[in-house]
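Protein chains: 2
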Amino acid sequence: MRLSRYFLPVTKETPADAQIVSHKLMLRAGLVRQTAAGIYAWLPLGLKVLRNIERIVREEQDRAGAVELLMPTVQSADLWRQSGRYDAYGPEMLRFLDRHEREMLYGPTNEEMITAIFAESARSYRDLPRTLYHIQWKFRDERRPRFGVMRGREFLMKDAYSFDLDEEGLKASYEAMFVAYLRTFARLGLQAVPVRAPTGPIGGNLSHEFHILADTGESAVFYDAAIEEITREELLAADASTIAKLTGLYAMEEEEHAKVADCPVPADRLRTRRGIEVGHIFAFGTKYSASMGLSVQAKDGSQVQPHMGSYGIGVSRLMGAIIEASHDEGGIVWPESVAPFRVGIVNMRADDQACTEASDGLYQALQAAGVETLYDDRDERGGAKFATMDLIGLPWQLVVGPKGLARGVVELKNRARGEREELSIESALARLSR
Amino acid sequence: MRLSRYFLPVTKETPADAQIVSHKLMLRAGLVRQTAAGIYAWLPLGLKVLRNIERIVREEQDRAGAVELLMPTVQSADLWRQSGRYDAYGPEMLRFLDRHEREMLYGPTNEEMITAIFAESARSYRDLPRTLYHIQWKFRDERRPRFGVMRGREFLMKDAYSFDLDEEGLKASYEAMFVAYLRTFARLGLQAVPVRAPTGPIGGNLSHEFHILADTGESAVFYDAAIEEITREELLAADASTIAKLTGLYAMEEEEHAKVADCPVPADRLRTRRGIEVGHIFAFGTKYSASMGLSVQAKDGSQVQPHMGSYGIGVSRLMGAIIEASHDEGGIVWPESVAPFRVGIVNMRADDQACTEASDGLYQALQAAGVETLYDDRDERGGAKFATMDLIGLPWQLVVGPKGLARGVVELKNRARGEREELSIESALARLSR
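Going line by line, the protein sequences match chains P and R. Note that my numbering has the first sequence beginning at 4, numbered continuously upward. Note that my numbering has the second sequence beginning at 4, numbered continuously upward.
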């Protein structure tokens with residue numbers, strides 16, 4: 004993409020209303036714009052990152068055997084009356100009347116709807132087990148939206164729902180999602196700590212939250228230092244034994260920790276850090292199958308109510324969490340897996356024919372090699388271009404200047420490590436073409 | 004995908020409330036389920052088709068130089084007050100109050116928001132021309148939702164907005180989108196007729212609707228027979244001359260046609276067919292830049308209000324239009340470009356070891372070759388499997404039965420042409436691996 008034809012409104016000023024670094028950087032780097040309190044438009048660069056996060060979440064859901072569908076954002080209040088949650092849910096639920104005065108709502112979650120959809124066609128044990136998921140915009144009318152997309156009102160969420168014949172099946176589905184979550188966060192370059200969680204308004208008996216460790220997290224997490232020793236490779240290869248190991252180690256969100264009379268972790272091994280909750284999984288049994296009228300025929304001919312779980316990931320919130328975990332004074336440092344472009348080309352002198360020809364050639368060659376590239380072809384000062392590149396955090400910067408070109412070299416900078424290296428154009432291309 | 008692990012609730016019964024064939028087939032083939040009046044959940048097979056349509060729409064927008072972003076579904080009423088449309092828009096707009104009693108709405112379109120976003124950063128002629136688009140869920144509270152996704156309330160739309168310095172620039176942007184639309188519909192396997200349209204509530208001075216010819220269209224289209232002679236190849240290679248040719252030929256929606264005193268087309272060349280409106284483009288000039296306060300500095304230093312256009316495609320409606328245009332008594336006949344899977348494998352005897360081994364092998368080989376395949380591995384009768392395959396309309400069916408296998412062959416059926424052919428497993432694989 005040529006920057007001269009793109010839409011990347013970066014700003015030098017730090018927005019006054021942004022308190023945390025991810026919010027500041029998302030506004031400054033032109034990733035999002037607020038359009039109403041807690042509601043954001045995703046500008047081109049931000050949308051690319053959002054789609055990359057979404058893709059990784061999707062791949063891991065598919066890998067776990069979950070099947071994707073898409074439920075609408077607007078739901079009927081009648082569905083929620085069936086489960087009893089229409090009255091139980093607080094003012095976070097955005098409720099309205101349609102033109103025929105029917106009570107509707109903007110879905111904050113989908114247990115009722117997915118159970119109703121599944122109940123319409125599931126007949127027997129042969130239709131189970133099944134895990135269905137979607138990635139859809141949700142709305143929670145936060146009293147005080149803040150921290151940018153971290154606690155916005157309209158947000159993108161992946162929510163999955165599992166249906167099993169019995170508790171044992173539910174446990175297997177729960178573990179499959181647990182593994183998917185460990186892999187997802189590891190692929191996003193994040194260190195996630197699963198903590199045993201209270202189940203809250205969804206109800207149920209087994210639940211874990213996944214917290215990303217970052218100084219600006221909304222709540223503290225207390226955990227056994229051994230959790231920090233689990234490697235990324237171990238998480239990417241996670242299986243039931245990884246879960247057993249992780250859940251065997253102490254980890255609690257602060258409110259729960261406060262209730263623990265005798266913490267089993269010796270003081271010198273007890274760590275506490277702030278955490279950003281990015282995932283939440285629940286095994287809640289038959290709560291919704293009972294209330295929404297879902298039953299299937301078991302092998303012995305009897306009717307049974309499937310055991311269910313639900314599994315959420317805050318897709319849009321993850322973007323904020325990634326930035327909280329990966330930035331420096333210059334701006335964002337994207338992990339390669341979610342970077343909006345892999346390479347940024349800086350043409351130092353758009354008014355110089357040699358620089359422009361070399362930059363154009365590099366751009367075309369990288370495009371041809373399938374390397375996502377943002378080409379700063381604007382007629383601007385080099386200093387401003389460097390600042391923009393650092394701010395938007397692409398993994399690699401390729402700098403084309405007249406002095407280097409005269410010696411037959413360009414400069415390659417690694418954004419994360421800050422290392423710079425002079426290379427011939429051919430070597431630079433070879434290095435960047437995966 | 005193995006059907007035994009998928010979620011494909013097909014039904015034999017024709018749903019009582021569905022009037023038109025696409026609505027019936029979308030329900031029967033398990034593409035969608037209605038969750039409230041005019042609101043649908045997209046089941047896995049339907050979602051795959053929707054994503055394929057979306058991908059083609061996106062590719063042609065990108066090809067035309069438009070830049071993708073994503074605006075939220077919920078908008079502030081204040082934005083719409085600025086343009087004067089908050090009061091002008093009818094009861095189709097879904098309005099509500101948030102918990103702080105602020106007036107909000109579910110966006111039916113985005114002229115106001117995109118103009119406000121663009122105005123925040125556009126400063127000079129160097130920031131123009133620019134066309135921005137998004138593909139997002141919209142809501143129009145139809146008084147009487149009907150025809151399934153064709154006239155639903157929550158629907159997926161691609162809407163693009165162009166910003167140009169002057170009328171000439173707007174004309175160029177309008178033509179670029181016109182070309183993108185011709186290519187998009189041709190790639191979707193559809194015959195689209197562009198008709199000169201009244202501009203309606205968006206306002207403006209130049210507008211075309213794109214109608215897909217199908218017997219169940221909501222309005223009639225009158226056009227010159229010469230339009231039918233324009234080939235798919237011509238449309239795929241469309242440029243300004245194609246537009247000149249097309250717009251030089253008479254084509255009017257019935258209400259407009261009725262106003263024409265002397266139709267220039269001789270009676271023997273005047274055709275009339277029902278049309279489904281799937282696209283609508285407008286050049287409306289400075290209406291929104293003026294009302295939303297967008298101006299930029301021109302080359303001569305003066306401030307000018309950009310000339311704008313907006314360009315919509317009904318992405319979810321297109322699925323209905325494609326089915327209306329491409330089905331037979333057995334079910335849907337997907338064009339290859341949007342088919343949810345390219346190949347369906349029918350294992351005629353899941354209880355027969357040879358059949359299952361051969362089917363498993365074909366499935367794995369096709370997966371490895373990157374061919375999207377739905378494998379009916381269920382323990383069901385062959386007849387039911389054939390009916391399902393015809394109903395869901397995958398382009399190719401590969402039938403593995405015990406008699407054929409004994410002779411070393413499988414049967415390959417082309418869904419559109421109904422042709423069947425016996426082939427060795429190797430030849431079938433070679434044929435299907437693109």
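C-beta: ideal position from N, C-alpha, C; glycine also.
Counterpart residues of residue i in DSSP-defined beta bridges
| i | result |
| --- | --- |
| Ser423(P) | Reading off the sequence shown, one finds Arg at residue 423(P), where the question assumed Ser. Beta-bridge pairing links Arg423(P) to Lys416(P). |
| Pro2(R) | No answer is possible for residue 2(R): the residues shown for chain R start at 4 and end at 437. |
| Lys141(P) | Phe158(P) |
| Leu377(R) | Gly347(R) |
| Tyr226(P) | Ala254(P) and Arg274(P) |
| His310(R) | Asp167(R) |
| Glu280(R) | His214(R) |
| Phe285(P) | Ser210(P) and Ser313(P) |
| Arg98(R) | Leu108(R) |
Beta-carbon spacing of residue i, residue j below 9 angstroms
| i | j | result |
| --- | --- | --- |
| Pro94(R) | Lys141(R) | no |
| Thr187(R) | His211(R) | no |
| Ser165(P) | Gly312(P) | yes |
| Asp162(P) | His310(P) | no |
| Val402(R) | Glu375(R) | no |
| Pro343(R) | Leu415(R) | no |
| Ile42(P) | Gly155(P) | yes |
| Gly278(P) | Leu216(P) | yes |
| Val70(R) | Pro269(P) | no |
| Gln85(P) | Met107(P) | no |
| Ala328(R) | Met153(R) | no |
| Glu178(R) | Ser222(R) | no |
| Arg133(P) | Phe150(P) | no |
| Ala200(R) | Glu256(R) | yes |
| Ala241(P) | Val182(P) | yes |
| Phe99(R) | Tyr109(R) | yes |
| Ala254(P) | Asp227(P) | yes |
Own chain, CB closer than 8 angstroms to residue i, minus 5 neighbours either side, in chain order
| i | result |
| --- | --- |
| Leu53(P) | Trp45, Leu159, Val318, Ser319 and Met322 |
| Ser7(P) | Asp380 and Arg381 |
| Asp169(P) | Val307 and His310 |
| Asn55(P) | Ser340, Val341, Ala342 and Pro343 |
| Asp65(R) | Glu71 |
Whole-Å CB distance - residue i paired with residue j, under 8 angstroms assumed
| i | j | result |
| --- | --- | --- |
| Ala353(R) | Arg381(R) | 6 angstroms |
| Leu435(R) | Trp399(R) | 6 angstroms |
| Thr118(P) | Tyr314(P) | Incorrect: roughly 14 angstroms between the Cβ atoms, too far for contact. |
| Leu273(P) | Phe225(P) | 6 angstroms |
| Lys75(P) | Thr38(R) | Note on residue identity: the sequence assigns Pro, not Lys, to residue 75(P). Contact holds; Cβ gap of about 6 angstroms. |
| Ile138(R) | Glu259(R) | Rounded, the Cβ-Cβ distance is 29 angstroms, inconsistent with contact. |
| Ala229(P) | Leu252(P) | 5 angstroms |
| Ile428(P) | Ala361(P) | 7 angstroms |
| Leu72(R) | Glu115(R) | At roughly 15 angstroms, the Cβ-Cβ gap does not stay under 8 angstroms, so Leu72(R) and Glu115(R) are not in contact. |
| Gly404(R) | Cys358(R) | 7 angstroms |
Same chain only: Cβ atoms within 6 angstroms of residue i, ignoring 5 sequence neighbours per side
| i | result |
| --- | --- |
| Met4(P) | Leu377 |
| Gly192(R) | Pro338 |
| Arg423(P) | Glu414 and Lys416 |
| Thr391(P) | Val13 |
| Thr219(R) | Ile23 and Glu327 |
| Gly49(R) | Leu34 and Val35 |
Endpoints, the alpha helix (DSSP H) within which residue i is located
| i | result |
| --- | --- |
| His260(R) | Glu257 to Lys262 |
| Trp83(P) | Ala80 to Ser86 |
| Leu369(P) | Gln356 to Ala371 |
| Val1(P) | Outside the shown range of chain P (4 to 437) lies residue 1(P), about which nothing can therefore be said. |
| Leu401(R) | Where Leu401(R) is concerned, there is no enclosing alpha helix (DSSP H), although the beta strand (DSSP E) it sits in stretches over Trp399 to Val403. |
| Glu438(P) | Residue 438(P) cannot be examined here, being either before or after the span of chain P that is shown, 4 to 437. |
| Val24(R) | Val24 to Arg31 |
| Leu72(R) | Per DSSP, Leu72(R) belongs to no alpha helix (DSSP H) and is neither H nor E. |
Close-in-space but distant-in-sequence residues of the same chain around residue i (CB under 7 angstroms, 5 per side omitted)
| i | result |
| --- | --- |
| Ser127(R) | Val299 and Gln300 |
| Gly87(R) | Ser294 |
| Gly334(P) | Leu28, Ala32, Asp393, Leu394, Ile395 and Gly396 |
N- and C-terminal bounds of the beta strand (DSSP E) containing residue i
| i | result |
| --- | --- |
| Arg105(P) | Element bounds for Arg105(P): n/a, residue is neither H nor E. |
| Tyr43(R) | Ile42 to Trp45 |
| Ala39(P) | Val35 to Ala39 |
- Message: To be precise: take each residue of the stretch 137-153 of chain R, compare its Cβ to all Cβ atoms of chain A, and keep it if any distance is under 9 angstroms. Which residues remain?
- Response: No chain A is part of this structure, whose protein chains are labelled P and R.
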